[in-house]
Amino acid sequence: MIRMWAKDQLDEEFSVWKKSTSFLYDFVIAHPLEWPSLTVHWVPLATPLPHSTDPSSFSIHKLVLGTHTSDDFPHYLLIADAVLPTSVAEAKIDIGGSSANSVIPKVEITQKIRVDGEVNKARSMPQNPAIAVAKTSGCDDRR
Numbered sequence: 437m438i439r440m441w442a443k444d445q446l447d448e449e450f451s452v453w454k455k456s457t458s459f460l461y462d463f464v465i466a467h468p469l470e471w472p473s474l475t476v477h478w479v480p481l482a483t484p485l486p487h488s489t490d491p492s493s494f495s496i497h498k499l500v501l502g503t504h505t506s507d508d509f510p511h512y513l514l515i516a517d518a519v520l521p522t523s524v525a526e527a528k529i530d531i532g533g534s535s536a537n538s539v540i541p542k543v544e545i546t547q548k549i550r551v552d553g554e555v556n557k558a559r560s561m562p563q564n565p566a567i568a569v570a571k572t573s574g575c576d577d578r579r
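Have a look at this one:
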């Protein structure tokens with residue numbers, strides 16, 4: 437009974453938060469994951485969006501995440517691309533509108549690397565963001 441009440445309360449709080457996002461934030465993208473993540477690292481490197489009518493209006497940012505699954509499922513280090521507007525003004529215009537060349541902001545998992553144990557911490561190398569490392573519960577650092 438207590439679990440059902442807690443889930444109902446959590447659902448209600450999420451619903452209130454979702455309705456309030458336009459007042460709290462300039463821009464929000466939600467991307468559901470199959471499993472929760474104990475760590476998210478924003479890679480401090482952005483590249484202009486290729487094949488766009490205006491490459492300066494959107495950029496691709498990298499995220500490094502880790503999965504926290506049950507023991508029956510494998511754990512992964514995830515690399516994701518986040519396509520984001522370069523300014524708040526771009527976010528407020530007709531994103532994904534009727535234009536054939538419109539860009540829709542999104543988060544997309546681009547790479548899954550299997551690791552031993554749950555990923556407790558994941559980071560990219562500052563000197564070379566293409567290299568990511570995960571600290572897991574099952575072994576030493578996995579590069």
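Position 72 of the sequence shown, counted from 1, bears residue number 508 in the working numbering, the numbering being contiguous throughout. Ideal Cβ positions, reconstructed from N, Cα and C, are used throughout, including at glycine. Everything numeric in this text was worked out from a predicted model, so none of it was measured.
G532 to D507 span [Cα, whole Å]: Residue 532 sits at position 96 when you count from the first residue of the sequence shown. Residue 507 sits at position 71 when you count from the first residue of the sequence shown. Caution is warranted here: a pLDDT of 47 is assigned to G532, below 50, making its placement in the model unreliable, and the coordinate value is therefore given only provisionally. Distance between the alpha carbons of G532 and D507: 40 angstroms.
Whether I496 touches P484 by CB criterion (9 angstroms): Locating residue 496 in the sequence shown gives position 60, counting from the first residue. Locating residue 484 in the sequence shown gives position 48, counting from the first residue. Their beta carbons are under 9 angstroms apart, which means I496 touches P484 by this criterion.
Cutoff 7 angstroms; reference W471; Cβ partners in own chain excluding five residues on either side: Counting from one through the sequence shown, the residue named residue 471 turns up at place 35. So the qualifying residues of the chain are T503, H504 and T505.
Would you give the residue range spanned by the beta strand (DSSP E) that Y512 belongs to? For this step, residue 512 is matched to residue 76 along the sequence shown. Where Y512 is concerned, the enclosing beta strand (DSSP E) stretches over H511 to P521.
Buried versus exposed, by CB contacts within 10 Å (16 or more), P521: As a working mapping, residue 521 is identified with position 85 in the sequence shown. By the 10 Å Cβ count, P521 comes out buried.
Going residue by residue through the region 466–490, where are the continuous beta strand (DSSP E) segments of at least 3 residues, counting only ones entirely within it? 476–484
Contact check, A516 vs V543 under 8 angstroms by CB: the rounded distance? As a position in the sequence shown, residue 516 is number 80, starting the count at 1. As a position in the sequence shown, residue 543 is number 107, starting the count at 1. About 6 angstroms; that satisfies the 8 angstroms criterion.
Nearest-angstrom Cα separation, counted from R559 out to E448: Residue 448 sits at position 12 when you count from the first residue of the sequence shown. Residue 559 sits at position 123 when you count from the first residue of the sequence shown. If I take the Cα positions, the gap works out to 33 angstroms.
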